[in-house]
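Numbering (our numbering), first residue to last: 119 to 281.
So the structure is just underneath, and the comments pick up after that.
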Amino acid sequence: STRIISNVTSADAEALTGPHLSLSCIRCDDIPQMADVSIFLQIPQFALLGVSEILAAITALQFFYSQAPVSMRSVSQAFNLLTTAAGSLLMIPLLTFVNSNPDAQWIPSNLDNGHLDWFFYVVAGIMAMNMLLFWWLSSDYKYKIEEIEAVEEDVIYKMGDMS
């Protein structure tokens, strides 16, 4: 959900700056000119994106380590990373689709003429639908409690050996 908020924040920032920011405010003369919009406008979405990545990565690693059989832990974590790669690959057809009309491309070469904010909203919507699908599919999952306790005991035991 933090990643959804990050995309909505990115879309809002793009909608706010999109029509107002143009390369015409940057002139090629002896004194470099600044754009009217501050770079600090990007801080919220990058902070949210970083927090969401940390939360998702740690949760996934803990889940696959505690719930997978010992012989399948590395394979489970590899599949976790494979799904991340598959998600990135799915952006290619999505970008092709939103740019399919040459007269109304969402992400053209010159971003001032596009609708990058619409793209961020669509991606946030896809993430929201994916989250709902995940909640529905995972609602019947039964956690292996004894496995979690064994992992925690193993970590505590190993930490005791280090001192």
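Even glycine gets a Cβ: it sits at the ideal position worked out from N, Cα and C.
Please state if the CB of residue j and the CB of residue i are separated by a distance shorter than 9 Å.
i      : j      : result
ASP235 : ALA133 : yes
LEU179 : ASN198 : yes
LYS262 : GLN160 : no
Give the DSSP-derived three-state secondary structure of residue i in the structure shown.
i      : result
TRP254 : helix
TYR183 : helix
GLY232 : coil
ALA222 : coil
GLU132 : helix
SER227 : coil
SER189 : helix
LEU139 : Residue confidence is low: LEU139 scores 48 on pLDDT, short of 50, so the model does not pin down where it sits. No coordinate-derived value is stated.
SER124 : helix
ASN217 : coil
LEU207 : helix
SER170 : helix
TYR259 : coil
SER194 : helix
Assuming residue i contacts residue j (C-beta within less than 8 Å), just tell me the rounded distance between them.
i      : j      : result
PRO162 : THR120 : Not really, about 11 Å apart at Cβ, beyond 8 Å.
PHE182 : SER170 : Rounded, the Cβ-Cβ distance is 18 Å, inconsistent with contact.
TYR239 : ALA129 : 5 Å
MET247 : ASN125 : No, MET247 and ASN125 are not in contact; Cβ-Cβ is about 13 Å, not under 8 Å.
Here's a check: name, in chain order, each residue in its chain whose Cβ is nearer than 8 Å to the Cβ of residue i, leaving out the five neighbours to either side.
i      : result
ASN217 : GLN223, TRP224, ILE225 and PRO226
PHE215 : none
Could you name the residues of the same chain whose beta carbon sits closer than 6 Å to that of residue i, not counting the 5 residues immediately before and after it, in chain order?
i      : result
ILE123 : LEU166
VAL241 : ASN125
Tell me which same chain residues have a C-beta within less than 7 Å of the C-beta of residue i, skipping the five on either side of it?
i      : result
ARG191 : PHE182 and TYR183
GLY232 : GLN223, TRP224, ILE225 and PRO226
LEU213 : ILE225
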